[in-house]
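A.B. asks: In terms of numbering that gives the first Met the number 0, the sequence shown opens at residue 0 and continues consecutively. Beta carbons: idealized from backbone N, C-alpha and C, even for Gly. Only a predicted model underlies this, so the values are computations on that prediction, with no experimental measurement involved. Could you have a look at this structure, given as structure tokens, before my questions?
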Amino acid sequence: MTERITNKVSLDIEDGIAFLTIDNPPVNALGQLVRQGLAEGVQRAGDDPAVQAVVIIARGRTFPAGADITEFGKPPLEPFLPDVCQTIEDCPKPVIAALHGTALGGGFEIALSAHYRIALPSTRVGLPEVNLGLLPGAGGTQRMPRIAGAGPALDLMLTGKPIKAPRALEIGVIDEIADTDDLRAASADYARRLLAQGAGARPTSQRAEGIADKHAFLAECQARRAQLERRARGQKSPFMIVDCVQAAAETPFAEGMKKERAAFMECLGSDQSKGMIHAFFAERQTARIPEAKTARPRAIDRLGVVGGGTMGAGIAVAMLQSGLPVVMVERDDESLARGRANVERVFDRNISKGRMTDADKSAIMGRFSGATDYDALEGCDLVVEAVFEDMDVKKAVFAELDRVLRPGAVLATNTSYLDIDEIAASTARPQDVIGLHFFSPANIMKLLEIVVPARVADDVVVTAFALAKRLGKVPVRAGVCDGFIGNRMLAVYRRAADYMMEDGASPYDIDAAIRDFGFPMGPYQVVDLAGGDISWAARKRRAATRPPEERYVDIPDQLCKRGWFGQKTGRGYYIYDDKSPRGRPDPEVLDIIDAERARKNITPRAFSPDEIRDRYLAAMINEGCKIVDEGIALRPLDVDVTLLNGYAFPRWRGGPMKYADMTGLDVILSNLRAWAAEDAYFWRPSPLLERLVAEGRSLDDLNKAAT
Ligand code: 3H9
């Protein structure tokens with residue numbers, strides 16, 4: 000007979016084995032009713048003389064994937080998860096966790112509190128709290144190292160990446176992999192075998208194999224700390240994770256738990272965690288688009304790419320990895336051979352890094368075909384054009400696509416700034432034309448801006464989102480404008496940097512301040528990496544339409560005129576040579592900057608790192624507000640997701656719009672107003688920002704209103 004403990008957890012007893020079944024779709028998050036059900040269920044099973052062993056198992060697609068993140072920030076409700084875990088561990092009868100799906104965070108901590116763990120072969124376990132600016136807060140930092148040692152425990156906690164069942168078995172955090180799909184039967188069988196062997200309760204807190212070699216354990220913690228100094232500067236939770244894990248080897252369990260709880264609560268209250276939790280939900284909300292309310296996606300079984308350059312090849316790789324057949328069209332045999340080689344190079348690199356085998360590559364390349372004739376695209380359901388950024392060239396490609404593709408096929412352009420309405424209008428089927436703006440390298444970068452022209456059909460937009468999901472991309476819906484969401488913002492915050500450079504900050508000061516904020520590179524390092532010629536071409540293109548009020552800084556052009564395009568020419572804002580492959584400051588660049596200031600009668604002034612950061616961010620935020628106000632982005636969260644996934648905005652800051660809310664919109668606005676005195680055109684505040692401040696509302700209020 001099945002008894003409901005709460006409406007999320009039930010208990011049934013079969014041949015002396017009590018099954019506690021969690022049922023809280025979609026991911027069995029450990030909300031209050033689950034915690035209460037587990038605590039009461041374990042107590043009851045422990046007290047029941049008819050019960051010899053307890054199995055904790057979950058219905059649906061997964062064992063709990065963690066604490067219920069939606070409860071964070073609200074008043075905590077008892078029982079707390081660490082106490083539930085302790086109740087499980089204290090059960091006098093053997094408790095077995097039966098895992099499937101993704102046993103993550105608090106879910107895996109429940110499992111670690113059980114005395115034994117069995118899993119389906121496809122199970123993955125992990126402690127991804129670090130991705131939310133948190134640390135495992137239900138005993139994970141104390142229990143896992145006691146079983147597996149510092150190395151494997153810190154791998155899981157610091158990368159946040161789950162591991163597969165065989166690896167989990169290898170490091171001892173699961174005990175058995177089931178050899179049937181029927182997990183309930185397998186766990187009952189395992190329980191009976193344990194009972195037959197006389198195995199009893201085996202509290203993880205009393206295990207010590209992982210901490211036996213204390214010297215090696217502490218050395219590992221020390222080494223990780225040193226790595227974090229380089230990789231996670233400015234972040235809180237990774238350092239606290241190492242501190243807590245270290246405590247597992249240095250203090251009794253109860254004390255370690257106290258330390259973990261205090262650290263968890265401190266992280267939970269931090270802006271970093273709020274930023275990362277915002278990012279988590281925002282990335283799941285960008286797919287909520289108006290078109291999805293009524294339209295259904297068209298079928299996409301065969302894909303095409305026009306162009307085999309870096310971008311086209313990267314897109315082809317992303318498509319191939321999704322399991323679909325891909326046709327690549329290039330203008331001649333030589334270009335096609337190069338395109339194919341570009342695709343193969345990605346897989347060859349993966350093979351050399353041990354990420355795939357030759358057989359995997361052959362299987363994938365078996366789905367790839369190339370042609371120099373557009374007719375080869377005939378059977379494709381969706382084709383992405385990735386040729387040279389020139390309107391006439393694009394129109395010629397679209398005329399060919401219009402000719403060969405079947406009615407109802409989707410015609411997509413990867414343009415990063417051309418007017419997609421104009422491209423669509425050049426075809427006989429503007430309803431089928433959409434922008435799919437991939438980021439380079441397209442097989443790696445998560446962001447996909449889905450650019451929606453005026454005449455496109457709703458089901459084409461929905462199809463593009465379905466494709467993004469299939470490719471494992473994070474899609475963001477964007478309207479048509481110069482640069483869409485991301486590049487439009489980039490142009491503005493880069494200009495803010497150039498103004499500061501001309502007014503007195505060196506490019507090296509600016510890069511350092513932006514790195515200190517958390518970007519992996521400063522704007523001038525990025526220009527050097529991407530190639531100064533790229534942005535030079537964009538400036539030349541915009542020259543004719545540049546508004547006369549816009550201040551123009553010539554320094555970047557001065558560098559380009561000397562052929563200093565950055566890393567590829569060994570010289571840009573930095574010098575790159577054997578002595579300094581990552582670049583070192585160039586005194587001649589500073590001379591060029593000084594000469595430009597003198598030419599414009601600018602007396603240089605000092606900029607503190609804080610002012611550099613504030614101006615750079617305010618320019619970004621202000622443009623983001625304009626983009627939301629104009630409807631180019633659906634919500635502020637779409638701007639955040641764009642910058643986080645395409646422009647390396649530090650995730651633990653939540654994105655520029657979240658950062659603006661946390662800083663205070665009134666602070667941003669008053670800065671903009673003050674700086675407008677020196678350049679009214681550039682620093683003109685967005686009307687949306689003014690309205691929100693006047694109404695005492697936040698950007699997140701707009702997110703909430705839109706969902
Ligand atoms: C933690 O455990 C702290 C403890 O150490 C200590 C506590 C004291 N809560 O991603 P999907 C929702 S911290 C609430 O699209 P998938 C999600 O928003 C937690 N909701 O599916 C979405 O909702 P909607 C540590 C959650 O198959 C729906 O479920 N755990 C949670 O692509 C489907 O999600 C993590 O960080 C949650 N924990 O991927 C794991 N998780 O449909 C976070 C998901 O309304 N979760 N939702 O948009 C994941 O990584 C992925 O969701 C997962 C499934 C891999 C599980």
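Among V129, L435, L182, which residue has its Cα nearest to the Cα of S121?
C.D. replies: Numbered from its first residue, the sequence shown carries residue 121 at position 122. If we check each option's Cα against that of S121, L182 comes out closest.
A.B. asks: Could you name the residues that DSSP lists as bridge partners for A118?
C.D. replies: Start at 1 with the first residue of the sequence shown, and residue 118 comes out as number 119. BP columns for A118 point to L98, I176.
A.B. asks: Applying the criterion that 16 or more other CB atoms from any shown protein chain within 10 Å of the CB defines a buried residue, is A632 buried or exposed?
C.D. replies: Here residue 632 is taken as the residue at index 633 of the sequence shown, counted from 1. Flag for A632 reads buried.
A.B. asks: Leaving aside the five residues before and after G139 along the sequence, list all residues of the same chain whose C-beta is less than 6 angstroms from its C-beta, in chain order.
C.D. replies: In the sequence shown, residue 139 corresponds to position 140, counting from 1. Excluding sequence neighbours, G139 sits near E108, L126.
A.B. asks: For Q320, which option in G307, M355, R541, I592 has the closest C-alpha, if you only look at C-alpha atoms?
C.D. replies: Position 321 of the sequence shown holds residue 320. The residue with the shortest Cα to Cα distance from Q320 is M355.
A.B. asks: D515 and P608: beta carbons closer than 8 angstroms?
C.D. replies: Position 516 of the sequence shown, counted from the first residue, corresponds to residue 515. Position 609 of the sequence shown, counted from the first residue, corresponds to residue 608. Their beta carbons are under 8 angstroms apart, which means D515 touches P608 by this criterion.
A.B. asks: Does the Cβ of E108 lie closer than 7 angstroms to at least one heavy atom of ligand 2?
C.D. replies: This structure lacks ligand 2; the ligands present are ligand 1.
A.B. asks: Flag this pair as yes or no: are the beta carbons of P655 and M619 separated by less than 8 angstroms?
C.D. replies: Your numbering for residue 655 matches position 656 in the sequence shown. Your numbering for residue 619 matches position 620 in the sequence shown. Against a cut-off of 8 angstroms, the Cβ pair of M619 and P655 comes out as a contact.
A.B. asks: Quick check on D47: does DSSP put it in helix, strand or coil?
C.D. replies: Here residue 47 refers to the residue found at position 48 when the sequence shown is read from its first residue. Coil, per DSSP.
A.B. asks: How about D637: is its Cβ closer than 7 angstroms to a heavy atom in ligand 1?
C.D. replies: In the sequence shown, the residue the question calls residue 637 occupies position 638. D637: no, Cβ never under 7 angstroms from ligand 1.
A.B. asks: For D665, collect the residues of the same chain with a Cβ closer than 8 angstroms to its Cβ; drop the 5 residues on either side in sequence, then sort them by chain order.
C.D. replies: The residue labelled residue 665 in the question sits at position 666 within the sequence shown. Taken in chain order, the residues that qualify are V692.
A.B. asks: Considering only residues of the same chain and omitting the five flanking positions on each side of R487, which have a CB-CB separation below 8 angstroms?
C.D. replies: Taking the sequence shown and counting its residues from 1, one reaches residue 487 at position 488. Taken in chain order, the residues that qualify are C480, D481, E622, I626, I631.
A.B. asks: According to DSSP, is L435 part of a helix, a strand, or is it coil?
C.D. replies: Looking up residue 435 in the sequence shown gives position 436. L435: strand per DSSP, three-state reduction.
A.B. asks: Which two residues bound the contiguous beta strand (DSSP E) that contains S531?
C.D. replies: Counted from its first residue, the sequence shown places residue 531 at position 532. Before going on, a small fix: residue 531 reads as Gly here, not Ser. It is not in any beta strand (DSSP E) - G531 instead sits in the alpha helix (DSSP H) that spans 531-542.
A.B. asks: Under DSSP, the alpha helix (DSSP H) around M364 begins and ends at which residues?
C.D. replies: Working through the sequence shown from its first residue, we reach residue 364 at position 365. From DSSP, the alpha helix (DSSP H) with M364 extends over 357-364.
A.B. asks: Please confirm whether I4 and G36 have their CB atoms less than 8 angstroms apart.
C.D. replies: Here residue 4 is taken as the residue at index 5 of the sequence shown, counted from 1. Here residue 36 is taken as the residue at index 37 of the sequence shown, counted from 1. A contact, by the Cβ cut-off of 8 angstroms.
A.B. asks: Can you name, in chain order, every residue of its own chain whose Cβ lies under 7 angstroms from the Cβ of I170, other than the five neighbours on each side?
C.D. replies: Against the sequence shown, residue 170 aligns to sequence position 171. A147, P151, listed in sequence order.
A.B. asks: Given 7 angstroms as the limit, tell me if I68 has its C-beta closer than that to any heavy atom belonging to ligand 1.
C.D. replies: Counting from one through the sequence shown, the residue named residue 68 turns up at place 69. Yes; taking the cut-off as 7 angstroms, the Cβ of I68 has a heavy atom of ligand 1 nearer than that.
A.B. asks: Find out if the Cβ-Cβ distance for the pair G645, G485 is shorter than 8 angstroms.
C.D. replies: Translated into positions along the sequence shown, residue 645 becomes position 646. Translated into positions along the sequence shown, residue 485 becomes position 486. In this structure, G485 lies closer than 8 angstroms to G645 by Cβ.
A.B. asks: Among I422, G306, V328, F518, which residue has its Cα nearest to the Cα of G233?
C.D. replies: The residue given as residue 233 occupies position 234 in the sequence shown. G233 has its Cα closest to that of F518, out of I422, G306, V328, F518.
A.B. asks: If I'm right that V326 touches S368 with Cβ under 8 angstroms, what's the distance once you round it to whole angstroms?
C.D. replies: Locating residue 326 in the sequence shown gives position 327, where the first residue counts as 1. Locating residue 368 in the sequence shown gives position 369, where the first residue counts as 1. The Cβ separation is near 5 angstroms, so the contact holds.
A.B. asks: If D553 sits next to E595, beta carbons under 8 angstroms apart, how far is it from one beta carbon to the other, in whole angstroms?
C.D. replies: By one-based count along the sequence shown, residue 553 stands at place 554. By one-based count along the sequence shown, residue 595 stands at place 596. The Cβ separation is near 6 angstroms, so the contact holds.
A.B. asks: According to DSSP, is I626 part of a helix, a strand, or is it coil?
C.D. replies: Indexing the sequence shown from 1 puts residue 626 at position 627. DSSP places I626 in helix when its eight states are reduced to three.
A.B. asks: Under three-state DSSP, which class holds S669?
C.D. replies: What you label residue 669 is simply residue 670 of the sequence shown in a count that begins at 1. S669: helix per DSSP, three-state reduction.
A.B. asks: If we call anything under 8 angstroms between Cβ atoms a contact, is M499 one with I611?
C.D. replies: For the purposes of this step, residue 499 is taken as residue 500 along the sequence shown, with counting starting at 1. For the purposes of this step, residue 611 is taken as residue 612 along the sequence shown, with counting starting at 1. Yes. Within cutoff.
A.B. asks: Consult DSSP for L19 and reduce its assignment to one of helix, strand or coil.
C.D. replies: Looking up residue 19 in the sequence shown gives position 20. L19: strand per DSSP, three-state reduction.
A.B. asks: Comparing alpha-carbon positions, which option in L671, D628, D510 lies nearest P686?
C.D. replies: The residue given as residue 686 occupies position 687 in the sequence shown. Among L671, D628, D510, the Cα nearest to that of P686 belongs to D628.
A.B. asks: For L701, which of helix, strand or coil comes out of DSSP?
C.D. replies: For this step, residue 701 is matched to residue 702 along the sequence shown. L701: helix per DSSP, three-state reduction.
A.B. asks: Measure the C-alpha to C-alpha separation of C90 and M239 and round it to an integer number of angstroms.
C.D. replies: One-based indexing of the sequence shown puts residue 90 at position 91. One-based indexing of the sequence shown puts residue 239 at position 240. Their backbone Cα atoms lie some 30 angstroms apart in a straight line.
A.B. asks: So K394 and I422 are in contact, right, with Cβ under 8 angstroms, and what is the actual spacing, rounded?
C.D. replies: Residue numbering aside, residue 394 sits at position 395 when the sequence shown is read from its first letter. Residue numbering aside, residue 422 sits at position 423 when the sequence shown is read from its first letter. Correct: roughly 7 angstroms between the Cβ atoms.
A.B. asks: Hey, would you say the C-beta of A423 is under 7 angstroms away from at least one heavy atom of ligand 1?
C.D. replies: Locating residue 423 in the sequence shown gives position 424, counting from the first residue. Checking every heavy atom of ligand 1 against the Cβ of A423, none is found closer than 7 angstroms.
A.B. asks: Under 7 angstroms Cβ to Cβ from L157, same chain only, skipping five residues before and after it: list those, please.
C.D. replies: Taking the first residue of the sequence shown as 1, we reach residue 157 at position 158. Around L157: V129, R223, P237, I240.
A.B. asks: Are the beta-carbon atoms belonging to E208 and I117 less than 8 angstroms from one another?
C.D. replies: Position 209 of the sequence shown, counted from the first residue, corresponds to residue 208. Position 118 of the sequence shown, counted from the first residue, corresponds to residue 117. No; because the gap between Cβ atoms is not below 8 angstroms, this pair is not in contact.
A.B. asks: Rounded to whole angstroms, what's the CA-CA distance from A453 to V460? Just pull it up for me.
C.D. replies: Position 454 of the sequence shown, counted from the start, is the residue given in the question as residue 453. Position 461 of the sequence shown, counted from the start, is the residue given in the question as residue 460. Using only the alpha carbons, I get a separation of about 11 angstroms.
A.B. asks: Within 10 angstroms of the Cβ of A211, are there 16 or more other Cβ atoms? Answer buried if so, exposed if not.
C.D. replies: Sequence index remark: in the sequence shown, residue 211 carries index 212 (1-based). Per the 10 Å Cβ criterion, exposed.
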